[in-house]
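Top to bottom, those sequences are chains F and H.
In terms of the numbering used here, the first sequence has 69 at position 69, counting the first letter as 1, and numbering is strictly consecutive.
In terms of the numbering used here, the second sequence has 1220 at position 220, counting the first letter as 1, and numbering is strictly consecutive.
All residues carry an ideal CB built from backbone N, CA and C; glycine is no exception.
Number of protein chains: 2
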Amino acid sequence: MSMGASSHHVRCVNCPLGHLSHFRRFSADELEFLTNFKTGELTADTGATIIVEGSHSAHLYTVLSGSAYRYKMLEDGRRQIMNFVFPGDIIGLQGSVMGEMQHSVEVLSPIRLCVFERNRLMHLYETHSSLAFDLTWLAAREEQILDENLLNIGRRNALERAAYLIANLFLRAKAVELVKGNRLSVPITQLHLADTLGLSVVHTNRTLKRLADRKLVRWRDRGCEVHDVEGLLLLAQWDGLPEGPGRPYL
Amino acid sequence: MSMGASSHHVRCVNCPLGHLSHFRRFSADELEFLTNFKTGELTADTGATIIVEGSHSAHLYTVLSGSAYRYKMLEDGRRQIMNFVFPGDIIGLQGSVMGEMQHSVEVLSPIRLCVFERNRLMHLYETHSSLAFDLTWLAAREEQILDENLLNIGRRNALERAAYLIANLFLRAKAVELVKGNRLSVPITQLHLADTLGLSVVHTNRTLKRLADRKLVRWRDRGCEVHDVEGLLLLAQWDGLPEGPGRPYL
DNA sequence: CGTCTTTTTGACCATTTTCAATCAGTGTGG
DNA sequence: CCACACTGATTGAAAATGGTCAAAAAGACG
Chain F
1 MSMGASSHHV RCVNCPLGHL SHFRRFSADE LEFLTNFKTG ELTADTGATI IVEGSHSAHL
61 YTVLSGSAYR YKMLEDGRRQ IMNFVFPGDI IGLQGSVMGE MQHSVEVLSP IRLCVFERNR
121 LMHLYETHSS LAFDLTWLAA REEQILDENL LNIGRRNALE RAAYLIANLF LRAKAVELVK
181 GNRLSVPITQ LHLADTLGLS VVHTNRTLKR LADRKLVRWR DRGCEVHDVE GLLLLAQWDG
241 LPEGPGRPYL
Chain H
1001 MSMGASSHHV RCVNCPLGHL SHFRRFSADE LEFLTNFKTG ELTADTGATI IVEGSHSAHL
1061 YTVLSGSAYR YKMLEDGRRQ IMNFVFPGDI IGLQGSVMGE MQHSVEVLSP IRLCVFERNR
1121 LMHLYETHSS LAFDLTWLAA REEQILDENL LNIGRRNALE RAAYLIANLF LRAKAVELVK
1181 GNRLSVPITQ LHLADTLGLS VVHTNRTLKR LADRKLVRWR DRGCEVHDVE GLLLLAQWDG
1241 LPEGPGRPYL
């Protein structure tokens, strides 16, 4: 994990996220503010821990590229992954707003983060209400994703669960160009899936095979190929992502 | 479900939540703004549906008294309760910020709500950044609760799950005086518990009996008595509520 | 090539669900 | 007051789902 060389005042006009139609455009004023609000950049490699449960991080991050996941652990080591973090997603908002961090975040694929200072957050609220609203939007969106995850784990069986999760990851990843062909370019292992689905690795593996038998997905070379998104949606009784283009980010 | 008689400009100075040390105090300015921001009140009886999944509610609510729960359903009828709603909690923020409502809300015990207009929300952000921040705080808190619920369902077994959920409900209810003695004064059924825990009613019932055998809780007269909170926390490997006094609300 | 991680498989075990009743409490109308 | 209908709580037995243990196979990597 290291701070980028050209730390301060990286030009947000050239933000890599700005090129994706998935995200909203900033006004000139917002762009200028954000350029100043941004403290620097941070990169981290696979396996690095960006945030530790229980810590009081002084920062807030937006993912510029790469991926990570948010998780919690019980004292005896059982782990539950709550959500995955893709470009445009924000990391550490919970902690910035409420104090102590209640979850950890680990890097999945080499990640580049935009860094903001937690103690300047109030200033954003005071001077740029549209961005403040966007932050609430981002929090509400995370809430919504968690609702769906809860429904998934609580009420779907193993096969449906895996179908939902893979379809969800696939569509979210696709929106930020983390899909190559029918292949998810996020280096997820079956253990990650298992810890997200609330299943054991063994059963997750068997479930994936059943999905493969139905020609819905295929696990190959450490990665997941999606052969039939519609089939996955149908199996999981899911409507797909509600989001259109133009969603907020910071 | 009906609108209160003295709809407009109910004096927020006398807000019933203001008497609970659990919540933060408003400044005179905030209080005046909120009194105007508030559109009216709404009361609803047990079983009423306040919000329907898929709708575009024009309102946002804060619970003044009573209780409710938030849930989602699969097409085939399986239901998952995501969270319970107590006094001081906000209802409909997700929909207000993101558009369509992605979950339903049903009344548990006769409820009194403070009503706000969704289309005036931006005005709040523009003029009262402290309240805007509070809204983000509330969203982040919901996110945090959902994280814990996800860990609960995903990684704890039935006994631990029930222990966590009951302890959690008990402590949250206690903070807003919805506990009488050791008894939760929220008319929850074992089906509600089951749909929250991701278990069947039958197994939930058996699990509750096991908790009773251990003298941790007791189910009596349609309600739950908690005999040993510490024991529940220990069993669930949970630290209890992180919240201190002085939390925000609208 | 040897080591490490990840995936895959088999056999067996535990947990949880489903189905089917029964029981208890509540409220209703006669 | 009692018969009746209803909802919610309990229980038993059988079946299904998912977990654990152990080991092998397949890649990944230096």
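Exercise for the section: Compute the beta-carbon to beta-carbon distance between H1059(H) and E1117(H), rounded to the nearest angstrom, for a pair I have assumed lies under 8 Å. Expected result: 7 Å
Practice task
Could you check what DSSP says for E75(F) in three-state terms: helix, strand or coil?
Solution key: coil
Handout entry: Whole-angstrom distance between R1218(H) and G4(F), CA atom to CA atom
Key = For G4(F), the predicted model reports a pLDDT of 47, less than 50, meaning its position is unreliable and no value from the coordinates is stated.
Handout entry: Between the CA atoms of A48(F) and S57(F) - distance to the nearest angstrom
Key = 16 Å
Exercise for the section: List the residues of chain F whose Cβ lies closer than 7 Å to the Cβ of Y1125(H), in chain order. Expected result: Correct list: S129, A132, F133.
Problem - T207(F) beta carbon less than 8 Å from that of A256(F) - result: Given a span of 1 to 250 for chain F in the structure shown, any question on residue 256(F) remains unanswerable.
Practice task
Below 8 Å on the Cβ atoms is my guess for M1271(H) versus W137(F); work out the distance and round it to an integer in Å.
Solution key: What the structure shows of chain H is the stretch from 1001 to 1250, and residue 1271(H) is not part of that stretch, so it cannot be assessed.
Practice task
Determine, using beta-carbon pairs with one atom in the stretch 39-48 of chain F and one in the stretch 107-115 of chain F, whether at least three such pairs fall under 8 Å.
Solution key: yes
Exercise for the section: State yes or no: is the C-beta of L1017(H) within less than 8 Å of the C-beta of P1087(H)? Expected result: yes
Practice task
Could you run through the stretch 191-222 of chain F and flag, in chain order, every residue whose CB is less than 7 Å away from some CB of chain H?
Solution key: G198
Practice task
Using 10 angstroms around the beta-carbon of D1221(H), count the other beta-carbons present and answer buried if the total reaches 16, otherwise exposed.
Solution key: exposed
Handout entry: Where the beta strand (DSSP E) through V1262(H) begins and ends
Key = Given a span of 1001 to 1250 for chain H in the structure shown, any question on residue 1262(H) remains unanswerable.
Exercise for the section: Out of L1178(H), A1158(H), E1177(H), state which residue places its alpha-carbon closest to the alpha-carbon of H1203(H). Expected result: A1158(H)
Exercise for the section: Measure the alpha-carbon distance for Q144(F) versus D1147(H) and round it to whole angstroms. Expected result: For Q144(F) and D1147(H), the gap between their C-alpha atoms comes out near 12 Å.
Exercise for the section: Please confirm whether L171(F) and L241(F) have their CB atoms less than 8 Å apart. Expected result: yes
Problem - For Q1144(H), the three-state DSSP class (helix, strand or coil) - result: helix
Handout entry: Runs of beta strand (DSSP E) wholly within the stretch 1015-1059 of chain H (minimum 3 residues, chain order)
Key = Taking only runs of at least 3 residues, the beta strand (DSSP E) segments lying wholly in the stretch 1015-1059 of chain H are 1038-1044, 1049-1051.
Problem - Rounded straight-line distance, which links the Cα of C12(F) to that of L34(F) - result: 7 Å
Exercise for the section: Indicate whether V1186(H) and L1178(H) have their beta-carbon atoms separated by less than 8 Å. Expected result: yes
Handout entry: Anticipated Cβ contact below 8 Å, T1039(H) with V1115(H), distance rounded
Key = 5 Å
Practice task
Spell out a yes or no on whether the stretch 18-28 of chain F and the stretch 66-74 of chain F are touching, meaning 3 or more CB-CB pairs, one atom from each, closer than 8 Å.
Solution key: no
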